[in-house]
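S.K.: Residue numbers (my numbering), protein chains in the order written: chain A, 13 to 245; chain B, 5 to 172.
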């Protein structure tokens, strides 16, 4: 553990030799440069953290060799490029945080392999394309933040399989179409934020089943019609 | 209900003629490159309920939040994140008593958080994190009885140095 020091410089590729290391905590330092692909050789790693540093470059596909970590926190760096599909191999991952980078490309369908995931933070990047229907496989997902990207297309009906979800944030994207009635199955939802998209049509009456909602934002869309009667009462 | 959404790629100054869109209720210049400050006329758009200016200015074009913001009395959502905002928070923000969301994260705002924010009693989300605040959290924030989300966590470059106790 080397957290909260003033370490500077880059990560040495020799880190890959530390194949028995369980925990690499470099949070709160001022490191820079790229993530060496050799990090993928540290196959015993169960915990790693790099907050407050400023890494650049792409996410190496070798990260997918790290099958042990429960948390991958690469938020608020300056990563570019795409999410390597190999990340979908991290079957024990419960939290994936890539918030606030400059990542592009589509969301790989392989993310559906992260079946232990409880929170997914991909907001504030430049992801394009549609929401993969494979997200419906992440049945333990409680928090899903995909806001402030460039996502298009309709909301997949498979969202209805995410029945323990509490927070779904898809605001400030370019999503179109109507809300799928299957969203009515997300009965644990407390925070649903879809503002500033191009959603249209009426709200499905099934949304009335979402009785635990505490915050709901639909502003700046083209929705019409009535609110479910359950919400009004 | 009229919305003007101009994501990505809009650049230049906001023309004073925007004030002619008197029925505008939602406006977004998210991820644009706005130059200079908003024209005075902008603040006559009193039907605006939704304003998103996040990522609208870069570090070469820092602006402050005009005290005229207090004229936009209809606002319920104000997002102005990641826009290199400088200066202090105008106390006039406390006049926007219909605000439910105020989000100003990742800017370079300085000074104390004004106690007038305590007038925003229907605010559900207040996001001030990653700025350069100093001073104490005003006890008046305790009047925000609807608040369910408050973030004023550490900022860049030495970061928030808000101190003191949390309002009871």
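Here a beta-carbon is modelled for each residue, glycine too, at the ideal position from N, C-alpha and C.
Everything numeric in this text was worked out from a predicted model, so none of it was measured.
Taking 8 Å as the limit between beta carbons, can you name the residues of its chain near residue 212 (chain A), skipping five residues before and five after?
M.R.: Numbered from 1 along the first chain, position 200 holds the residue referred to as residue 212 (chain A). Hits under 8 Å: 188, 189, 190, 233, 234, 235, 236.
S.K.: Nearest to residue 156 (chain B) by alpha carbon, out of B:8, B:79, B:109?
M.R.: By 1-based counting over the second chain, the position of residue 156 (chain B) is 152. The candidate whose alpha carbon is nearest that of residue 156 (chain B) is B:109.
S.K.: Given a cut-off of 8 Å, decide if residue 103 (chain B) and residue 82 (chain B) are closer than it, judged by their beta-carbon atoms.
M.R.: Counting from one through the second chain, the residue named residue 82 (chain B) turns up at place 78. Counting from one through the second chain, the residue named residue 103 (chain B) turns up at place 99. It is a contact, given that the beta carbons lie within the stated cut-off.
S.K.: The alpha helix (DSSP H) spanning residue 242 (chain A) covers which residue range?
M.R.: Taking the first residue of the first chain as position 1, residue 242 (chain A) is located at position 230. First-last of the alpha helix (DSSP H) with residue 242 (chain A): 241 to 244.
S.K.: Under 8 Å, Cβ to Cβ, is there at least one residue of chain B near residue 127 (chain A)?
M.R.: Residue 127 (chain A) sits at position 115 when you count from the first residue of the first chain. Taking Cβ atoms only, chain B never reaches closer than 8 Å to residue 127 (chain A), which makes this a no.
S.K.: Please list the residues of the stretch 225 to 236 of chain A that have a C-beta atom closer than 9 Å to any C-beta atom in chain B, keeping them in chain order.
M.R.: Listed in sequence order: 226, 227, 229, 231, 232, 233, 234.
S.K.: Taking the straight line between their C-alpha atoms, what separation do you get for residue 37 (chain B) and residue 16 (chain B)?
M.R.: Position 33 of the second chain, counting from 1, holds the residue named residue 37 (chain B). Position 12 of the second chain, counting from 1, holds the residue named residue 16 (chain B). Looking at the two C-alpha atoms, the distance is approximately 6 Å.
S.K.: Keeping to the same chain, check which residues put their C-beta closer than 6 Å to that of residue 99 (chain B); ignore five residues upstream and five downstream.
M.R.: Within the second chain, the letter at position 95 stands for residue 99 (chain B). If we look at residue 99 (chain B) and ignore the five residues flanking it on each side, its Cβ neighbours are 74.
S.K.: Along the chain, where does the beta strand (DSSP E) containing residue 164 (chain A) start, and where does it finish?
M.R.: Looking up residue 164 (chain A) in the first chain gives position 152. From DSSP, the beta strand (DSSP E) with residue 164 (chain A) extends over 162 to 165.
S.K.: Nearest to residue 168 (chain A) by alpha carbon, out of A:181, A:145, A:197?
M.R.: As a working note, residue 168 (chain A) is residue 156 in the first chain. Comparing Cα-Cα distances from residue 168 (chain A) to each of A:181, A:145, A:197, the minimum goes to A:145.
S.K.: Given a limit of 8 Å on CB to CB distance, which residues of the stretch 176 to 189 of chain A reach chain B?
M.R.: Result list: 184, 186.
S.K.: With residue 72 (chain A) and residue 58 (chain A) assumed to form a contact (beta carbons below 8 Å), what rounded beta-carbon distance in angstroms separates them?
M.R.: On the first chain, residue 72 (chain A) is found 60 positions in, with the first residue counted as 1. On the first chain, residue 58 (chain A) is found 46 positions in, with the first residue counted as 1. 19 Å between Cβ atoms; not a contact.
S.K.: Give me the residue from A:217, A:227, A:128 with the minimum Cα distance to residue 81 (chain A).
M.R.: Position 69 of the first chain, counting from 1, holds the residue named residue 81 (chain A). Of A:217, A:227, A:128, the residue nearest in Cα terms is A:128.
S.K.: Keeping to the same chain, check which residues put their C-beta closer than 7 Å to that of residue 87 (chain B); ignore five residues upstream and five downstream.
M.R.: Translated into the one-based positions of the second chain, residue 87 (chain B) becomes position 83. Cβ neighbours of residue 87 (chain B) beyond the five flanking positions: 57, 58, 59, 60, 61, 111.
S.K.: Below 8 Å between beta carbons is the criterion; list the residues of the stretch 112 to 135 of chain B that meet it against any residue of chain A, in chain order.
M.R.: Correct list: 128, 129.
S.K.: When you check each C-beta in the stretch 59 to 82 of chain B against every C-beta of chain A, which residues fall closer than 9 Å?
M.R.: Those would be 59, 80, 81, in chain order.
S.K.: With H, G and I counted as helix, E and B as strand and the rest as coil, what does DSSP make of residue 162 (chain B)?
M.R.: Residue numbering aside, residue 162 (chain B) sits at position 158 when the second chain is read from its first letter. At residue 162 (chain B) the pLDDT is 40, less than 50, meaning the model places this residue with poor confidence and gives no usable figure here.
S.K.: Suppose the cutoff is 6 Å on Cβ atoms and the five residues either side in sequence are ignored; what does the same chain contact list for residue 291 (chain A) look like?
M.R.: Examination of residue 291 (chain A) is not possible in this model, given that chain A is present from 13 through 245 alone.
S.K.: Please confirm whether residue 136 (chain A) and residue 112 (chain A) have their CB atoms less than 8 Å apart.
M.R.: Here residue 136 (chain A) refers to the residue found at position 124 when the first chain is read from its first residue. Here residue 112 (chain A) refers to the residue found at position 100 when the first chain is read from its first residue. Their beta carbons are under 8 Å apart, which means residue 136 (chain A) touches residue 112 (chain A) by this criterion.
S.K.: Please report whether the beta-carbon of residue 242 (chain A) lies at a distance below 8 Å from any beta-carbon of chain B.
M.R.: Residue 242 (chain A) sits at position 230 when you count from the first residue of the first chain. False, the Cβ-Cβ gap to chain B never drops below 8 Å.
S.K.: In angstroms with no decimal places, state the Cα-to-Cα distance between residue 160 (chain B) and residue 43 (chain A).
M.R.: Here residue 160 (chain B) refers to the residue found at position 156 of the second chain. Here residue 43 (chain A) refers to the residue found at position 31 of the first chain. Residue placement at residue 160 (chain B) cannot be trusted, given a pLDDT of 42 that sits under 50; what the coordinates show is reported in the next sentence. Straight-line Cα distance between these residues: approximately 14 Å.
S.K.: Using beta-carbon positions only, say whether residue 159 (chain A) and residue 181 (chain A) come within less than 8 Å of one another.
M.R.: As a working mapping, residue 159 (chain A) is identified with position 147 in the first chain. As a working mapping, residue 181 (chain A) is identified with position 169 in the first chain. Contact flag set, yes.
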